[in-house]
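Shown next, in structure tokens, is the structure this report addresses.
There are 2 protein chains.
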Amino acid sequence: MSGYCRAVYRCFDEKADFQKKAQSIAVGLTVGSWTELPEAQKAHMEKHLGKVVSVSEYGGNASAAGERYADIVIDYPDINFSRDIPALLVTIFGKLSMDGRIKLIDIDVSDDFLSAFPGPKFGLTGVRGQLGIPDRPLLMSIFKSVIGHDLGGLQEQFYRQALGGVDLIKDDEILFENPLTPLEKRVEVCMEAAARAKGETGQDLLYAVNITGPTSQIAANAKKAIQAGANALLFNVLAYGYDVLAELSRDPEINVPIAAHPAMAGAFYPSPHYGIAAPVLLGKLMRIAGADLVLFPSPYGSVVMPKEENMAVRDALLDPALRIKTSFPVPSAGIHPGLVPLILRDFGSDVVVNAGGGIHGHPMGTAAGGQAFRQAIQASLHGVPLRDYAANHPELAAAISAWGVRE
Amino acid sequence: MSGYCRAVYRCFDEKADFQKKAQSIAVGLTVGSWTELPEAQKAHMEKHLGKVVSVSEYGGNASAAGERYADIVIDYPDINFSRDIPALLVTIFGKLSMDGRIKLIDIDVSDDFLSAFPGPKFGLTGVRGQLGIPDRPLLMSIFKSVIGHDLGGLQEQFYRQALGGVDLIKDDEILFENPLTPLEKRVEVCMEAAARAKGETGQDLLYAVNITGPTSQIAANAKKAIQAGANALLFNVLAYGYDVLAELSRDPEINVPIAAHPAMAGAFYPSPHYGIAAPVLLGKLMRIAGADLVLFPSPYGSVVMPKEENMAVRDALLDPALRIKTSFPVPSAGIHPGLVPLILRDFGSDVVVNAGGGIHGHPMGTAAGGQAFRQAIQASLHGVPLRDYAANHPELAAAISAWGVRE
Numbered sequence: 003m004s005g006y007c008r009a010v011y012r013c014f015d016e017k018a019d020f021q022k023k024a025q026s027i028a029v030g031l032t033v034g035s036w037t038e039l040p041e042a043q044k045a046h047m048e049k050h051l052g053k054v055v056s057v058s059e060y061g062g063n064a065s066a067a068g069e070r071y072a073d074i075v076i077d078y079p080d081i082n083f084s085r086d087i088p089a090l091l092v093t094i095f096g097k098l099s100m101d102g103r104i105k106l107i108d109i110d111v112s113d114d115f116l117s118a119f120p121g122p123k124f125g126l127t128g129v130r131g132q133l134g135i136p137d138r139p140l141l142m143s144i145f146k147s148v149i150g151h152d153l154g155g156l157q158e159q160f161y162r163q164a165l166g167g168v169d170l171i172k173d174d175e176i177l178f179e180n181p182l183t184p185l186e187k188r189v190e191v192c193m194e195a196a197a198r199a200k201g202e203t204g205q206d207l208l209y210a211v212n213i214t215g216p217t218s219q220i221a222a223n224a225k226k227a228i229q230a231g232a233n234a235l236l237f238n239v240l241a242y243g244y245d246v247l248a249e250l251s252r253d254p255e256i257n258v259p260i261a262a263h264p265a266m267a268g269a270f271y272p273s274p275h276y277g278i279a280a281p282v283l284l285g286k287l288m289r290i291a292g293a294d295l296v297l298f299p300s301p302y303g304s305v306v307m308p309k310e311e312n313m314a315v316r317d318a319l320l321d322p323a324l325r326i327k328t329s330f331p332v333p334s335a336g337i338h339p340g341l342v343p344l345i346l347r348d349f350g351s352d353v354v355v356n357a358g359g360g361i362h363g364h365p366m367g368t369a370a371g372g373q374a375f376r377q378a379i380q381a382s383l384h385g386v387p388l389r390d391y392a393a394n395h396p397e398l399a400a401a402i403s404a405w406g407v408r409e
Numbered sequence: 003m004s005g006y007c008r009a010v011y012r013c014f015d016e017k018a019d020f021q022k023k024a025q026s027i028a029v030g031l032t033v034g035s036w037t038e039l040p041e042a043q044k045a046h047m048e049k050h051l052g053k054v055v056s057v058s059e060y061g062g063n064a065s066a067a068g069e070r071y072a073d074i075v076i077d078y079p080d081i082n083f084s085r086d087i088p089a090l091l092v093t094i095f096g097k098l099s100m101d102g103r104i105k106l107i108d109i110d111v112s113d114d115f116l117s118a119f120p121g122p123k124f125g126l127t128g129v130r131g132q133l134g135i136p137d138r139p140l141l142m143s144i145f146k147s148v149i150g151h152d153l154g155g156l157q158e159q160f161y162r163q164a165l166g167g168v169d170l171i172k173d174d175e176i177l178f179e180n181p182l183t184p185l186e187k188r189v190e191v192c193m194e195a196a197a198r199a200k201g202e203t204g205q206d207l208l209y210a211v212n213i214t215g216p217t218s219q220i221a222a223n224a225k226k227a228i229q230a231g232a233n234a235l236l237f238n239v240l241a242y243g244y245d246v247l248a249e250l251s252r253d254p255e256i257n258v259p260i261a262a263h264p265a266m267a268g269a270f271y272p273s274p275h276y277g278i279a280a281p282v283l284l285g286k287l288m289r290i291a292g293a294d295l296v297l298f299p300s301p302y303g304s305v306v307m308p309k310e311e312n313m314a315v316r317d318a319l320l321d322p323a324l325r326i327k328t329s330f331p332v333p334s335a336g337i338h339p340g341l342v343p344l345i346l347r348d349f350g351s352d353v354v355v356n357a358g359g360g361i362h363g364h365p366m367g368t369a370a371g372g373q374a375f376r377q378a379i380q381a382s383l384h385g386v387p388l389r390d391y392a393a394n395h396p397e398l399a400a401a402i403s404a405w406g407v408r409e
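Protein chains in written order, with this note's numbering: chain A, 3 to 409; chain W, 3 to 409.
Below, the structure written as structure tokens:
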């Protein structure tokens with residue numbers, strides 16, 4: 003799109019004149035007033051005026067079920083805001099977010115706006131390149147517990163995860179700078195464990211270390227971690243703002259993939275009436291801001307997101323129409339090996355299978371937990387039913403006994 | 003409170019065992035696992051373990067109306083997180099925000115956590131000191147329209163607002179760095195208009211200029227504005243993160259009051275089931291992060307917040323139990339002079355009456371709009387009914403003719 007950034011809102015109201023509402027948004031969030039302007043001023047101001055693209059009304063009459071609402075599409079002139087996500091969001095959903103039952107359900111940024119963002123530095127293909135794995139689904143593992151553990155304890159947990167053949171290990175998002183496992187020491191001992199495990203497995207892995215602290219120190223902390231050997235970063239994007247991620251992604255010294263954690267996302271996306279829809283919040287904006295991998299709630303576990311919304315997040319991360327690199331989808335929570343065929347059916351091969359309890363809770367231990375997942379991935383890629391593959395793979399068999407199969 | 007930060011959640015579920023849910027939160031967001039730990043490890047880990055303080059269940063049986071829910075109170079050990087708002091929020095509501103229908107409805111930070119925050123540099127009393135107005139309600143004015151206007155147009159609007167006797171003028175939150183009215187030039191021409199108006203009114207005023215741009219440049223941009231003569235700042239806190247405000251408030255060179263704008267707040271607070279309640283979002287966290295003034299939707303206009311929630315925001319900004327300076331409450335939207343008695347009854351004198359349309363839309367013009375508000379404030383403080391006071395005050399009389407009175 004050229005010259006305008008588009009926002010799509012779902013607006014609920016039993017009585018409103020939605021056409022009028024749309025006009026008031028388009029004017030109110032741009033030039034402030036329009037109909038009363040003198041004609042000469044209109045000519046000058048027109049390039050700043052928001053445009054109502056469409057208003058589609060639903061429900062609200064005797065024959066229709068459900069609440070009355072409208073999907074309102076507005077184009078906002080690029081000329082009105084700077085090329086950063088805070089400016090975009092404040093323009094399209096700053097004041098408006100407080101104006102009744104209204105949810106931001108989609109955005110479409112202009113080529114010019116997008117051109118200010120390098121996007122993911124590695125993206126899906128780059129992450130695969132770092133690991134030397136061109137096409138199979140990746141496997142990510144989450145620490146079982148981290149708070150209160152010392153470096154030795156963390157290293158041991160890391161080693162057991164790495165032995166299972168996982169491709170990525172992520173810090174817990176609630177692990178902040180602390181005296182027991184300070185950032186640089188943590189990176190050192192975990193990367194040492196990674197090297198040791200590689201001696202057994204022959205396999206590389208990425209360790210996404212959680213970057214925390216004051217906002218002004220985030221980039222410096224990321225560089226410290228990289229200096230200490232970190233080959234990936236984890237970042238709680240919504241707690242710091244998209245722009246902090248965008249600045250990390252622009253920084254040439256941040257030369258490792260960044261995984262975006264969705265912490266706080268549930269404060270925005272689940273309400274039908276308010277907030278920001280998940281495909282915008284965890285899809286488009288994360289990708290534009292430069293996340294190489296994006297974690298989001300899977301539709302399988304206890305922390306759920308409806309399947310349709312989940313697929314829309316995936317689509318936003320992979321959409322070829324957005325001309326920056328794609329972001330690796332990482333559906334998370336409630337995942338065990340028996341779900342792998344379903345995950346691959348939903349997501350295809352371009353997915354990171356992410357597990358915590360499904361690895362550490364394996365009856366034969368953490369390493370076997372990782373192995374069971376790798377076996378499930380292998381079986382699924384070859385179209386072999388998991389129960390058949392499990393006949394010769396005791397780790398997968400034990401996982402299936404514990405958690406079952408859904409294929 | 004000592005050693006723990008408290009979070010209060012409202013959790014909706016038709017069937018859940020809320021006691022069990024509370025335990026799983028307290029363990030899951032801290033040490034990760036508990037009952038299965040060996041006793042020796044429990045002794046070591048106990049200081050990291052979250053504590054369920056109380057679980058109060060409501061509804062859900064035949065005799066009770068409405069949905070079934072519980073208010074769950076959990077204490078989180080300070081030892082688990084660093085002394086910054088992102089760490090606090092990620093701990094207490096990061097993953098949990100995505101775990102079903104759950105809303106963060108209150109927080110109570112420990113003395114130790116709070117001690118890392120200087121709080122508002124000026125606060126309510128300091129803002130009064132800057133203006134030399136020890137006790138009356140203040141009057142803030144919002145530009146009518148800013149986008150597409152040049153420096154001359156902006157200066158003229160500023161001057162007319164200043165002539166009306168307003169105490170503060172704020173930039174529009176959607177005014178970003180732009181070639182027509184760049185930050186430093188804008189400050190210069192507006193402060194020149196302020197000085198010129200002072201020649202007429204004898205009155206000082208604060209101009210809260212909108213600080214925007216990349217996150218890493220926010221502090222530098224604020225200093226540029228101050229260098230150019232700005233005597234207050236406006237900041238879209240939620241678009242950048244609380245920590246950016248906290249860093250501004252800690253910076254000794256940021257020696258002017260900061261007004262926090264609530265842009266994006268509607269993405270968080272209005273749903274009963276999800277998000278963060280307004281008294282936390284716009285009350286406690288804004289004050290802890292160091293906002294000297296906080297704008298929030300008034301209960302009077304089109305952008306509304308229920309009265310009870312509005313009073314809770316006010317209480318959070320002024321609560322003497324929180325041992326940092328107080329923040330000036332600025333209820334905004336839909337305010338005209340006829341509402342002033344009601345505003346003062348709801349908020350007392352420690353309030354900033356904030357108006358846009360109620361000033362610029364005055365039948366006798368912008369300056370008269372400000373004067374009508376000042377007259378309404380004067381009348382209310384002396385207990386004189388507005389209609390009586392209007393007999394000798396044509397500006398107030400015209401405002402009442404246009405918008406009526408609610409007292």
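A virtual CB, placed ideally from N, CA and C, is assigned to each residue, including glycine.
- Sequence-ordered contacts of the region 5 to 26 of chain W with chain A are nonexistent [C-beta pairs closer than 8 angstroms].
- Under DSSP, asparagine 238 of chain A forms a beta bridge with A:His263.
- Cα atoms of asparagine 82 of chain A and arginine 289 of chain W: separation of roughly 30 angstroms, rounded to the nearest angstrom.
- Taking a Cβ-Cβ cut-off of 9 angstroms, the neighbours of phenylalanine 95 of chain A in chain W comprise Ala265, Met266, Gly268, Ala269, given in sequence order.
- Along the region 199 to 217 of chain A, the positions whose C-beta sits under 9 angstroms from a C-beta of chain W are Thr214, Gly215, Pro216, Thr217, read in chain order.
- Contact between the region 185 to 193 of chain W and the region 391 to 407 of chain W is absent: fewer than three C-beta pairs spanning the two stretches fall below 8 angstroms.
- Ranking A:Asn212, A:Cys192, A:Thr214, A:Ser218 by CA distance to the CA of aspartate 206 of chain A puts A:Cys192 first.
- Scanning chain W for C-beta atoms nearer than 8 angstroms to the C-beta of histidine 384 of chain A yields nothing, as the closest lies near 34 angstroms away.
- Taken in chain order, the members of the region 152 to 178 of chain W whose beta-carbon sits within less than 7 angstroms of a beta-carbon on chain A are Glu175, Ile176, Phe178.
- The beta carbon of alanine 369 of chain A lies closer than 6 angstroms to those of Arg162, Leu165, Gly166 in the same chain, with the five residues before and after it left out.
- In the same chain as arginine 70 of chain A, and ignoring 5 residues on each side of it, the C-beta atoms closer than 6 angstroms to its own belong to Glu16, Gly61, Gly62, in chain order.
- Note that the region 102 to 116 of chain A does not touch the region 291 to 299 of chain A; fewer than 3 beta-carbon pairs, one per stretch, sit closer than 8 angstroms.
- DSSP, read as helix, strand or coil, puts valine 258 of chain A in coil.
- Counting along the chain, glutamate 311 of chain W sits inside the alpha helix (DSSP H) bounded by residues 309 to 320.
- Only those residues of the region 349 to 374 of chain A whose C-beta falls short of 7 angstroms from the nearest C-beta of chain W would be listed, and there are none.
- In the DSSP assignment, arginine 103 of chain A falls within the beta strand (DSSP E) that extends over 103 to 110.
- Comparing alpha-carbon positions, the option among W:Val258, W:Asn257, W:Tyr276, W:Leu283 lying closest to alanine 265 of chain W turns out to be W:Leu283.
- DSSP places glutamate 38 of chain W in the coil class of the three-state scheme, outside both helix and strand.
- For phenylalanine 95 of chain A, no beta strand (DSSP E) encloses it; the enclosing alpha helix (DSSP H) starts and ends at 87 to 95.
- Chain-order list of chain W residues neighbouring alanine 89 of chain A: Phe178, Thr214, by C-beta distance under 7 angstroms.
- Around glutamine 373 of chain A, the same chain offers Gly166, Gly167, Glu397 as residues with beta carbons nearer than 7 angstroms, after the five sequence neighbours per side are excluded.
- Apart from sequence neighbours up to five positions away, the residues of its chain that approach leucine 388 of chain A with a beta-carbon distance below 8 angstroms are Pro339, Gly340, Val342, Pro343, Ala378, Ala381, Ser382, Leu398, Ile402, Val407, Glu409, ordered along the chain.
- Cβ contact annotation for aspartate 174 of chain A (same chain, cutoff 6 angstroms, sequence separation greater than five): Phe145, Val148, in chain order.
- Secondary structure within the region 139 to 182 of chain A: the beta strand (DSSP E) runs of 3 or more consecutive residues, fully enclosed, are 140 to 144, 170 to 172 (chain order).
- Within the same chain, Asp77, Asp110 come within 6 angstroms of arginine 8 of chain W by CB-CB distance, once the 5 residues on both sides are set aside.
- Taking a C-beta distance under 8 angstroms as the contact criterion, asparagine 212 of chain W and leucine 177 of chain W qualify as a contact pair.
- Interface flag for valine 282 of chain W against chain A is unset, since no Cβ pair is found closer than 8 angstroms.
- In the DSSP assignment, the residues bridged to alanine 72 of chain A are A:Cys13, A:Glu59.
- Between aspartate 73 of chain W and serine 84 of chain W, the C-beta gap is not smaller than 8 angstroms, which leaves the two residues out of contact.
- Lysine 44 of chain A and asparagine 180 of chain W have their C-alpha atoms roughly 20 angstroms apart.
- Three or more Cβ pairs closer than 8 angstroms define a contact, and the region 151 to 162 of chain A meets that threshold against the region 192 to 203 of chain A.
- Residue environment: arginine 316 of chain A is assigned as buried (16 or more neighbouring CB atoms within 10 Å of its CB, all protein chains considered).
- Not a single CB atom of chain A sits nearer than 8 angstroms to the CB of glutamate 311 of chain W.
- Between lysine 146 of chain A and chain W, the shortest Cβ-Cβ separation is below 8 angstroms.
- Tyrosine 302 of chain A sits in coil when the DSSP states are folded into three classes, being neither helix nor strand.
- Taking 7 angstroms as the cut-off between beta carbons, the residues of the region 56 to 86 of chain W near chain A are Asn82, Phe83, Ser84, Asp86, in sequence order.
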